[in-house]
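Take full-length UniProt numbering: the last position of the sequence shown gets the number 135, and nothing is skipped along the way.
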Amino acid sequence: PPESDPVITGGQPRYHIGDTVNVTCSIRSSKPAVNLTWLINERKADPKLVHGPFKQYVGREGLESSSIVLQFVVRQDHFVRGNIKLKCAASVATIYVRINEKSFGGERPQKGLVLESRGTAQAPNGSRADRVHTS
């Protein structure tokens, strides 16, 4: 399995309709290779919105680092209860599954919008990683 959990980078604290979301999910050093998947509000992202995967080999052991980019223009239907929830799921067959999630605030009439992150493992960039065990 990978040496670390997936990390989400990029994004803004607030999004409005018409803004462009551009975020990257990365995971380092795995063998076998990791499959990365983007979800928007619990639904798999349209493949047209996802760029990658981009892979890089690290060291003599043949470890592989991977990243994928999610890019889309925000529409009203992206907001659920005022937020957009983005998740990056990393898996190696059925032996390893990790999920990282970020929530972004939506338009509200007289208030600013806030980035909300919740999680069990808080990373410095405000993202989280949940451990999911499979059998």
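All residues carry an ideal CB built from backbone N, CA and C; glycine is no exception.
What you are looking at is a predicted structure, and each value in this text was computed from that prediction instead of being measured.
Below 8 Å CB to CB, which residues in the same chain sit around residue i once its five sequence neighbours on both sides are set aside?
i, result
"residue 92", "1, 2, 30, 32, 33, 34 and 35"
"residue 19", "12, 73 and 74"
Going by the beta-carbon positions, is the gap between residue i and residue j smaller than 9 Å?
i, j, result
"residue 23", "residue 9", "yes"
"residue 50", "residue 26", "no"
"residue 69", "residue 82", "no"
"residue 37", "residue 44", "yes"
Using the three-state DSSP reduction, which class does residue i fall into: helix, strand or coil?
i, result
"residue 78", "helix"
"residue 5", "coil"
"residue 47", "helix"
"residue 52", "strand"
"residue 15", "coil"
"residue 62", "coil"
"residue 95", "coil"
"residue 41", "coil"
"residue 34", "coil"
"residue 106", "coil"
Counting only the same chain and skipping the five closest in sequence on each side, list residues whose C-beta sits under 6 Å from that of residue i.
i, result
"residue 39", "87"
"residue 28", "3, 4 and 65"
"residue 98", "5, 6, 90 and 129"
"residue 41", "80 and 85"
"residue 55", "64 and 66"
Residues in the same chain with beta-carbon distance under 7 Å from residue i, minus the five sequence neighbours each way, listed in chain order, please.
i, result
"residue 76", "17"
What does residue i pair with, by DSSP beta-bridge criteria?
i, result
"residue 67", "26 and 54"
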